[in-house]
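Student: Mind looking over this structure? Questions follow.
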DNA sequence: GACCAAATTTTACAAATGTTAAAAAATGAA
DNA sequence: TTCATTTTTTAACATTTGTAAAATTTGGTC
């Protein structure tokens with residue numbers, strides 16, 4: 001579980017609190033195509049991606065819109081559903097056979113209410129997700145499609161290899177045709 | 001300081017912890033046009049907007065891009081700079097004469113490390129900011145300019161009255177000409 | 001009310017992106 | 001390898017959005 005532990009330590013958890021936390025994780029393995037999170041359900045679990053890759057998407061009238069990718073050492077949850085206890089709007093699908101560790105909100109809340117170190121770790125976890133989410137937002141708001149594609153291949157070269165371009169076009173907010181045109185310029 | 005206290009209570013702080021927290025807030029008043037946060041600086045303060053309205057924007061080569069508005073009962077900080085201790089990329093400008101309460105990161109960290117209730121309150125604060133940021137992102141990713149404008153007038157009718165349209169166009173990610181065209185359809 | 005400056009809308013045209021359909025290329029299973 | 005399927009690219013055309021400039025409206029001041 002090295003990727004998961006790396007992620008947890010990175011945010012400042014160590015000692016007994018770390019040991020406690022890890023002992024409460026449950027390992028699951030799921031095949032490519034599995035829907036880990038389904039729109040409309042209340043999702044009470046956080047996953048740590050140990051191995052594999054996933055995408056979050058929403059169903060629009062006529063098409064799916066992909067808006068997030070996660071891979072090894074990323075965490076995976078429906079912010080909206082998990083934090084507010086309401087039905088979520090997104091699906092999360094595994095794009096490869098994957099291994100994950102999970103912990104339920106009940107267990108987590110219990111830790112938050114008894115362990116100051118874990119409570120502050122949880123805050124840092126959310127802070128780091130917030131920064132990443134704002135980064136995606138800013139990229140979408142400020143940059144041209146070409147710049148966003150360049151950023152993407154610089155930031156996530158591995159994802160580019162492992163995910164089909166239709167999903168990436170959707171993630172970048174452009175049609176697959178436009179993505180092909182952009183890629184053609186780079187040759 | 002009713003708006004500020006309302007905001008703080010909403011996220012679950014009460015009793016002695018609330019009293020302690022409030023006693024550490026410092027009131028400031030600043031005129032329209034004042035830059036509360038400047039790009040390139042390390043920003044170590046969180047503000048609570050008691051009265052007034054503000055926008056966050058980045059300087060792009062040729063133009064400014066507005067990407068956030070805040071008003072009464074909103075909190076105001078540079079996520080990137082405050083959480084990571086690095087220079088921020090955004091400016092925050094007051095669009096009206098405003099009253100705010102502020103607290104420094106030093107003081108806040110001290111509370112986080114000594115008061116479990118405040119530590120969990122801080123986490124909830126960040127969670128609520130994350131949900132709002134994701135909402136803005138999703139709106140940008142999924143919706144047409146017209147839908148985003150409709151959402152905006154439904155969600156922030158007051159802001160529409162108080163802020164000039166050029167900033168709103170920028171916030172919606174469209175040119176002011178396009179915004180005028182959209183508004184013309186609604187008549 | 002007249003005037004000025006700033007903000008907003010409109011117009012005309014250019015550029016970028018989307019849609020649909022088809023061709024080409026890549027992938028994977030037998 | 002071969003064949004069928006999926007993915008990616010290309011082409012042609014339609015639509016949307018942007019840019020620049022002019023016209024109009026708004027708000028404040030004398």
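Protein chains in written order, with the UniProt record's numbering: chain C, 1 to 187; chain P, 1 to 187.
Backbone N, C-alpha and C define an ideal beta-carbon position, used for all residues, glycine too.
This structure is a prediction, so every number in the text was calculated from the model and none was measured.
What do you get for residue 7 (chain C), buried or exposed, if any count of 16 or more other CB atoms within 10 angstroms of its CB means buried?
Tutor: Buried: at least 16 other Cβ atoms inside 10 Å.
Student: At 4 residues or longer, what runs of the alpha helix (DSSP H) sit wholly inside the UniProt domain "Cyclic nucleotide-binding" (12-111) of chain C?
Tutor: Qualifying alpha helix (DSSP H) stretches, in chain order: 15-23 and 79-84.
Student: Shortest alpha-carbon distance to residue 101 (chain P) belongs to which of P:74, P:157 and P:56?
Tutor: Cα-wise, what sits closest to residue 101 (chain P) is P:74.
Student: For residue 15 (chain P), go through chain C and note every residue whose CB falls closer than 7 Å to its CB, in chain order.
Tutor: The premise fails here: residue 15 (chain P) is roughly 15 Å from chain C at the closest Cβ pair, so nothing lies under 7 Å.
Student: Let me make sure I understand the geometry here. Which of P:159, P:116, P:58 and P:109 has the alpha-carbon closest to that of residue 135 (chain C)?
Tutor: Measuring from the Cα of residue 135 (chain C), the nearest candidate turns out to be P:58.
Student: Just by C-beta distance, which residues in the region 36-57 of chain C are closer than 8 Å to chain P?
Tutor: Those residues of the region 36-57 of chain C that come within reach of chain P (Cβ to Cβ, closer than 8 Å) do not exist; the list is empty.
Student: If you run the structure through DSSP and keep just helix, strand and coil, what is residue 187 (chain P)?
Tutor: It is coil, neither helix nor strand.
Student: Taking 8 Å as the cut-off, does the region 83-90 of chain P touch the region 157-167 of chain C (at least 3 CB pairs, one atom from each stretch)?
Tutor: Flag = no, the region 157-167 of chain C and the region 83-90 of chain P do not touch.
Student: Below 8 Å between beta carbons: does that hold for residue 99 (chain C) and residue 26 (chain C)?
Tutor: Their beta carbons are not under 8 Å apart, which means residue 99 (chain C) does not touch residue 26 (chain C) by this criterion.
Student: If we define contact as Cβ-Cβ less than 8 Å, is residue 12 (chain C) a contact residue for chain P?
Tutor: Not one chain P Cβ lies under 8 Å of residue 12 (chain C).
Student: Chain P beta carbons: is any one of them nearer than 8 Å to that of residue 64 (chain C)?
Tutor: Taking Cβ atoms only, chain P never reaches closer than 8 Å to residue 64 (chain C), which makes this a no.
Student: According to the Cβ coordinates, are residue 21 (chain C) and residue 13 (chain C) closer than 8 Å?
Tutor: Their beta carbons are under 8 Å apart, which means residue 21 (chain C) touches residue 13 (chain C) by this criterion.
Student: Any idea what DSSP makes of residue 117 (chain P), helix, strand or coil?
Tutor: Residue 117 (chain P): helix per DSSP, three-state reduction.
Student: Of the choices C:68, C:126 and C:18, whose alpha-carbon is the least far from that of residue 37 (chain C)?
Tutor: Among C:68, C:126 and C:18, the Cα nearest to that of residue 37 (chain C) is on C:68.
Student: Note down, in chain order, all residues in the region 115-137 of chain P with a beta-carbon under 7 Å from any beta-carbon belonging to chain C.
Tutor: Going along the region 115-137 of chain P in chain order, one finds 116, 119, 120, 122, 123, 126, 127, 129, 130, 131, 133, 134, 136 and 137 with a Cβ nearer than 7 Å to chain C.
Student: Report the neighbours of residue 141 (chain C) on chain P: residues whose CB is nearer than 7 Å to its CB, in chain order.
Tutor: By Cβ distance, chain P contributes 65, 67, 140 and 173.
Student: Is it buried or exposed for residue 42 (chain P), if we count other Cβ within 10 angstroms and need 16 for buried?
Tutor: Exposed: under 16 other Cβ atoms inside 10 Å.
Student: Residues in the same chain with beta-carbon distance under 7 Å from residue 97 (chain P), minus the five sequence neighbours each way, listed in chain order, please.
Tutor: Cβ neighbours of residue 97 (chain P) beyond the five flanking positions: 31, 32 and 52.
Student: Just to confirm the assignment, what range does the alpha helix (DSSP H) spanning residue 144 (chain P) have?
Tutor: Residue 144 (chain P) -> no alpha helix (DSSP H), and no H or E assigned at all.
Student: Using a Cβ-Cβ cut-off of 6 Å (strictly less than) and excluding sequence neighbours within five positions of residue 84 (chain P), which residues of its own chain qualify?
Tutor: Correct list: empty, nothing qualifies.
Student: For chain C, check one thing: does any of its Cβ atoms lie closer than 8 Å to the Cβ of residue 152 (chain P)?
Tutor: No, its Cβ sits nowhere closer than 8 Å to a Cβ of chain C.
Student: I'd like to know whether the C-beta atoms of residue 76 (chain P) and residue 47 (chain P) end up nearer to each other than 8 Å.
Tutor: Yes, these two residues count as a Cβ contact at 8 Å.
Student: Are residue 3 (chain P) and residue 72 (chain P) touching if we call contact CB-CB under 8 Å?
Tutor: The answer is yes: Cβ separation under 8 Å.
Student: On the premise that residue 133 (chain P) lies in contact with residue 133 (chain C), defined as a C-beta separation below 8 Å, what is that separation, rounded to the nearest angstrom?
Tutor: Residue 133 (chain C) to residue 133 (chain P), Cβ: 5 Å. Contact.
Student: When you compare only the Cα positions, how much space is there between residue 142 (chain C) and residue 166 (chain C)?
Tutor: The straight-line gap from Cα to Cα measures roughly 22 Å.
Student: Using DSSP with H/G/I as helix, E/B as strand and the rest coil, what is residue 164 (chain P)?
Tutor: Correct three-state label for residue 164 (chain P): coil.
Student: Out of C:128, C:64 and C:109, state which residue places its alpha-carbon closest to the alpha-carbon of residue 45 (chain C).
Tutor: Minimum Cα distance to residue 45 (chain C) is reached at C:109.
Student: Of all the CB atoms in chain C, is at least one closer than 8 Å to the CB of residue 176 (chain P)?
Tutor: No, residue 176 (chain P) does not count as interfacial toward chain C.
Student: Counting contacts by CB-CB distance shorter than 8 Å, is residue 111 (chain C) in contact with chain P?
Tutor: By this cut-off, residue 111 (chain C) is not an interface position.
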